[in-house]
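Participant: Let me begin by handing over the structure; questions about it come next.
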Amino acid sequence: MTRSIKPLVAGNWKMNGLRAELAIAAEVARGYGAELRHAVDLAICPPATLHFAMTAALIGSRIATGGQDCSAQSSGAFTGEISAGMLSDAGATYAIVGHSERRTLHGETNATVKAKAEAAQKALLVPIVCVGETQAEREAGKALAVVKKQIRGSVPEGSTAATLVVAYEPVWAIGTGLTPTAADVAEMHAAIRAELGKALGKAAASGVRLLYGGSVKPSNAAELMNVAHVDGALVGGASLKAEDFLAIAKACA
Ligand code: PEP
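Using the working numbering, read the sequence shown as starting at 3 and increasing by one per residue.
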């Protein structure tokens with residue numbers, strides 16, 4: 003944790019959720035009482051089809067919503083794409099960009115991710131820029147170098163604490179039940195903060211929220227959230243259960 007930063011716990015629903023699952027968001031809202039609201043910010047990133055309805059369902063709860071991706075373009079002949087402006091119009095506050103599933107399955111490069119993050123900022127959304135090494139890269143001792151390069155290539159110049167969130171998500175920890183050691187997370191988050199300092203200046207970098215993501219559960223959240231420079235979590239699977247998502251938020255608080 004960075005004491006001066008209010009943590010953020012963001013749920014990434016991925017390609018899960020029909021209208022019936024809006025009840026999960028409503029249950030999270032019921033459990034997000036005054037004390038928790040004071041201590042930790044919450045966001046849910048639903049599939050695009052649910053975005054508008056979820057934002058409406060969460061009115062008054064102070065739970066933000068976010069897209070899971072956005073186009074680098076603002077409008078036009080890009081069939082199937084969703085612009086940052088459209089997400090904003092549907093009530094979004096955040097847009098995840100550069101999730102490893104996008105980088106791997108859709109061939110997104112650092113340059114693509116940066117263009118998407120810039121488009122998000124232009125639409126006044128806060129991009130949650132994801133970075134993280136593969137298992138092979140960690141085993142080869144390249145994790146720090148890979149992630150620093152992703153930071154240099156994916157983060158828009160001029161970003162500030164108010165306009166950027168970074169999520170460190172080791173690819174091998176996503177959806178696998180595996181997590182890095184607290185020492186490894188500490189080393190990586192300190193390196194990310196330092197790299198952001200070089201790119202954005204120390205003052206801006208010191209306030210950017212650095213989330214950890216990858217198999218965060220109620221049982222490991224407290225240990226991970228106690229690591230220096232971990233300012234919250236990006237949660238996949240566990241965000242689909244209101245009870246687990248709230249337990250992670252409480253561990254953050
Ligand atoms: C994710 O996909 O961003 C993620 C962190 O997934 P999980 O929590 O399921 O590992």
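Glycine included, every Cβ here is placed at the ideal spot set by N, Cα and C.
Whole angstroms are fine: how far does the CA of R64 sit from the CA of A28?
Facilitator: Roughly 12 Å separates the two Cα atoms.
Participant: Just to confirm, are T114 and V173 a CB contact at a threshold of 7 Å?
Facilitator: Result no, Cβ atoms of T114 and V173 do not sit closer than 7 Å.
Participant: In terms of residues, what are the limits of the alpha helix (DSSP H) holding C254?
Facilitator: Note, C254: alpha helix (DSSP H), 244-254.
Participant: From which residue to which residue does the alpha helix (DSSP H) around N112 run?
Facilitator: Element bounds for N112: 112-124.
Participant: Assign S85 to buried or exposed, taking buried as 16 or more other Cβ atoms, counted over all protein chains shown, within 10 Å of its Cβ.
Facilitator: The residue is buried, with at least 16 neighbouring Cβ atoms inside 10 Å.
Participant: First and last residue of the beta strand (DSSP E) that includes I98?
Facilitator: Segment 96-99, the beta strand (DSSP E) holding I98.
Participant: Cutting at 6 Å between CB atoms, please list the residues of its own chain near L213, excluding the five before and the five after it.
Facilitator: Answer for L213: A169, G234, A235, L236, listed in chain order.
Participant: What's the C-alpha gap between K8 and A41?
Facilitator: Rounded to whole angstroms, K8 to A41 spans 7 Å at the Cα level.
Participant: Could you tell me the boundaries of the beta strand (DSSP E) in which L213 lies?
Facilitator: It spans 211-215 - the beta strand (DSSP E) in which L213 sits, taken as one unbroken run.
Participant: Which of the three DSSP states, helix, strand or coil, is assigned to L24?
Facilitator: L24: helix per DSSP, three-state reduction.
Participant: For G155, which three-state DSSP category applies?
Facilitator: Reduced to three states, the DSSP call for G155 is helix.
Participant: Please report the straight-line C-alpha distance between G209 and S6, rounded to a whole angstrom.
Facilitator: For G209 and S6, the distance between alpha carbons rounds to 8 Å.
Participant: How is the alpha helix (DSSP H) around L202 delimited, first residue to last?
Facilitator: 184-202 is the span of the alpha helix (DSSP H), which, as asked, contains L202.
Participant: Using 7 Å as the threshold, is the C-beta distance between C132 and G100 below it?
Facilitator: Taking 7 Å as the Cβ cut-off, C132 and G100 qualify as a contacting pair.
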